[in-house]
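Here is the structure we will look at, set down as structure tokens.
Chains as they are written, first to last, in the numbering used here: chain A, 1 to 114; chain B, 115 to 225.
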């Protein structure tokens with residue numbers, strides 16, 4: 001519906017492992033934001049990428065890192081997974097401009113760390 | 115204190131009821147305001163933007179009081195399909211446009 005896709009849909013990892021999540025933006029959008037949503041909470045901002053550069057970061061440790069590619073798709077990498085990293089990871093694409101702050105979310109990747 | 119706070123839920127209402135959600139935000143520099151709807155285990159979807167003059171979309175009315183840093187959402191004539199979690203969202207341009215979400219209020223509309 002939004003044109004934003006994420007993969008994989010679900011993922012189970014073991015504590016200490018590393019994970020890469022992927023996101024494809026809506027056509028024409030140049031900005032990607034990543035959010036973590038723990039059960040029963042609202043999404044929390046992880047970071048945002050604009051034209052392949054990090055453009056703002058939330059209160060997440062450095063083991064959360066990302067990339068944005070020339071086609072504006074993006075990856076979220078998490079190293080040394082902890083149990084508390086279990087959550088729904090959402091990416092949202094947008095067209096950065098002064099008057100446009102709407103973000104369109106992908107379906108999310110549900111990560112379970114055991 | 116959380117940047118965006120919402121009424122705790124859940125709200126359980128009968129079909130046809132009117133229900134109101136409240137939200138407060140702490141950053142007076144906030145510039146854009148939204149209500150998102152999130153169905154169980156799905157992504158948040160934009161329900162409506164909130165403007166200072168207040169705005170209406172069918173059965174939904176949103177209001178913003180900048181002086182009180184307060185946002186509201188009113189749903190009239192509730193439908194079973196309105197059952198979802200409603201997220202109050204705030205953003206400001208000087209924060210790079212990151213969305214700041216409240217914890218959400220769950221609404222359950224019963225027959």
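Beta carbons: idealized from backbone N, C-alpha and C, even for Gly.
Taking 7 Å as the line, does the beta carbon of residue i fall inside it for any heavy atom of the ligand HEM?
{"i": "residue 223(B)", "result": "What this structure holds is no ligand at all, so the ligand HEM is not there to describe."}
Can you pull the chain A neighbours of residue i, defined as C-beta to C-beta under 9 Å?
{"i": "residue 193(B)", "result": "What residue 193(B) touches in chain A: nothing, since even the nearest Cβ is about 20 Å away."}
Counting only Cβ pairs nearer than 8 Å, list the residues of chain B close to residue i.
{"i": "residue 90(A)", "result": "157, 158"}
{"i": "residue 106(A)", "result": "157"}
{"i": "residue 96(A)", "result": "211"}
Any idea if residue i is buried or exposed, counting beta-carbon neighbours within 10 angstroms, 16 or more meaning buried?
{"i": "residue 15(A)", "result": "exposed"}
{"i": "residue 155(B)", "result": "exposed"}
{"i": "residue 114(A)", "result": "exposed"}
{"i": "residue 12(A)", "result": "exposed"}
{"i": "residue 192(B)", "result": "buried"}
{"i": "residue 184(B)", "result": "exposed"}
{"i": "residue 165(B)", "result": "exposed"}
{"i": "residue 43(A)", "result": "buried"}
{"i": "residue 144(B)", "result": "buried"}
{"i": "residue 108(A)", "result": "buried"}
{"i": "residue 134(B)", "result": "exposed"}
Just confirm the distance between the C-beta atoms of residue i and residue j, as a whole number of angstroms; I'd bet it's less than 8 Å.
{"i": "residue 211(B)", "j": "residue 200(B)", "result": "Incorrect: roughly 21 Å between the Cβ atoms, too far for contact."}
{"i": "residue 105(A)", "j": "residue 157(B)", "result": "4 Å"}
{"i": "residue 22(A)", "j": "residue 7(A)", "result": "5 Å"}
{"i": "residue 79(A)", "j": "residue 63(A)", "result": "4 Å"}
Indicate the three-state DSSP secondary structure (helix, strand or coil) for residue i in the structure shown.
{"i": "residue 86(A)", "result": "coil"}
{"i": "residue 144(B)", "result": "coil"}
{"i": "residue 121(B)", "result": "coil"}
{"i": "residue 81(A)", "result": "coil"}
{"i": "residue 194(B)", "result": "helix"}
{"i": "residue 182(B)", "result": "coil"}
{"i": "residue 248(B)", "result": "As displayed, chain B neither begins before 115 nor continues past 225, which places residue 248(B) out of reach and without an answer."}
{"i": "residue 29(A)", "result": "coil"}
{"i": "residue 132(B)", "result": "coil"}
{"i": "residue 151(B)", "result": "strand"}
{"i": "residue 165(B)", "result": "coil"}
{"i": "residue 39(A)", "result": "coil"}
So, using beta-carbon positions, are residue i and residue j closer together than 8 Å?
{"i": "residue 95(A)", "j": "residue 10(A)", "result": "no"}
{"i": "residue 186(B)", "j": "residue 141(B)", "result": "no"}
{"i": "residue 90(A)", "j": "residue 19(A)", "result": "no"}
{"i": "residue 92(A)", "j": "residue 35(A)", "result": "yes"}
{"i": "residue 163(B)", "j": "residue 174(B)", "result": "no"}
Against residue i, what residues of chain A qualify as contacts under a CB-to-CB distance less than 7 Å, listed in chain order?
{"i": "residue 234(B)", "result": "Outside the shown range of chain B, which is 115 to 225, sits residue 234(B), and nothing can be said about it."}
{"i": "residue 201(B)", "result": "42"}
Given that residue i touches chain B, what residues does it touch there, using C-beta distances under 7 Å?
{"i": "residue 64(A)", "result": "None at all; the shortest Cβ gap to chain B is about 14 Å."}
{"i": "residue 28(A)", "result": "Under the 7 Å cutoff, chain B gives no residues; its nearest Cβ is about 16 Å from residue 28(A)."}
{"i": "residue 103(A)", "result": "213"}
{"i": "residue 51(A)", "result": "Within 7 Å Cβ-Cβ: nothing; residue 51(A) doesn't reach chain B, min ~13 Å."}
Residue i versus chain A: which residues are under 8 Å apart at the beta carbon?
{"i": "residue 212(B)", "result": "33, 45, 48, 56, 58"}
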